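Okay, so the sequence shown: first residue is 1 according to the working numbering, each after it adds one.
To start, the structure itself, in C-alpha cells.
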Amino acid sequence: MAVVTRRRGVRVIAVVAAAFPLLLAGGAALLTVMLGGTCSGSGVGDTPSAAATRDVPAGVLRIYQQVGAQYKVPWEILAGIGKEECDHGRFPDPSCTPQPGARGPGVANFAGASGPTQIGIGGAAGDEYDSLRHHLPDPSLGPHDPTTAVELAALVLIRDKGAPTGQPIAAYAVYVRAYNGSGPAAD
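Written out as C-alpha cells, the structure is:
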C-alpha cells in the first residue's frame, strides 16, 4: 500500500509541476477574479471584495478604479497587473517603486521595465512608455508615478495588445497574458 501511495504522490507532484507555468501565465487574470468577484466591465461601480480591500492599498485601489472608469477597462484587470508586476508598488526592487509626480522613464529592471506596472522603457521589454505617453493626460509623467503607471497599463492593453473596452473580465484574459510580451521570458 505504501508503494501505491508514493506513486500517487509522485503523480500529483508531476501534475502540479507541469501546471505551474500555466498558473503563472494566468496569474494576473486569476487574481483579478479573486480580487473583484464579479465585474460589469464598465470599470465603474464594481464594489471591491473584502479580499481586494485587504490586499490593495486604499490609494492604489482608488487609482485602479479611476483609471478603469476612464479607459473602460475593469479595474480588477488593472489591479491584477499591479499585483502580478510589483505587488501594487510594494515590491522592494527600485524598478517597482512608486514616486508620485515622477517624470521621465525612471529606474528600470534588467529587462527594461519601469514602475509599479512594469512598463517597457527600452531593452527586452520594448519601449511602450515612449510610444504611448502622448496619449496620457500629462505626457511628461513617467511610469513611476502611480496614476500614470496604471494609465500606461490600460494603454498597453488597449492600444498595444488590442484589448476591447467595456467588456467583462473574461474578455481580457488573452490580453493580460500578452501584457508581458511573448515567448519563454513572458510565460
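Just so you know, even glycine gets a beta-carbon here, dropped at the ideal spot from N, CA and C.
Since the structure is predicted, the reported quantities are computational estimates derived from the model, not experimental observations.
Just to confirm the assignment, what range does the alpha helix (DSSP H) spanning residue 66 have?
Going by DSSP, residue 66 is part of the alpha helix (DSSP H) stretching over 58–71.
DSSP three-state label for residue 38, please.
Unreliable positioning characterises residue 38 in this predicted model, as indicated by a pLDDT of 47, which lies under 50. The coordinate reading is nonetheless provided below. In the structure shown, residue 38 sits in coil (DSSP, three-state: anything other than H, G, I, E or B).
Report the three-state DSSP secondary structure of residue 108 (helix, strand or coil).
strand
Could you check how far apart the C-beta atoms of residue 79 and residue 64 are, in whole angstroms? I think they sit under 8 angstroms.
5 angstroms
Rounded to whole angstroms, what is the Cα-Cα separation between residue 150 and residue 156?
Whole-angstrom Cα-Cα distance: 10 angstroms.
Please give the ranges of any alpha helix (DSSP H) in the segment 122–170, keeping only runs that are unbroken, at least 4 residues long and fully inside the region.
128–132 and 146–155
So, at 7 angstroms on beta carbons, what are the nonlocal neighbours of residue 133 in its own chain, with the 5 sequence-adjacent residues on each side left out?
139
In whole angstroms, what is the alpha-carbon distance linking residue 121 and residue 81?
Answer to the nearest angstrom: the Cα atoms are 17 angstroms apart.
Any chance the CB of residue 125 is under 7 angstroms from a heavy atom of the ligand PLP?
Absence of the ligand PLP from the depicted structure is noted, as is the absence of any ligand whatsoever, leaving it without description.
In the structure shown, what three-state DSSP assignment does residue 95 receive?
Helix.
Between residue 159 and the rest of its own chain, which residues show a CB-CB distance below 8 angstroms, the 5 nearest in sequence each way excluded?
132 and 135
Let's test the definition: count the other Cβ atoms within 10 Å of the Cβ of residue 116 and tell me whether it reaches 16, buried, or not, exposed.
buried
Classify residue 58 as buried or exposed, calling it buried when 16 or more other Cβ atoms lie within 10 Å of its own Cβ.
exposed
By the 10 Å Cβ neighbour count, where 16 or more other Cβ atoms means buried, how is residue 53 classified, buried or exposed?
With fewer than 16 Cβ atoms within 10 Å of its Cβ, residue 53 is classed as exposed.
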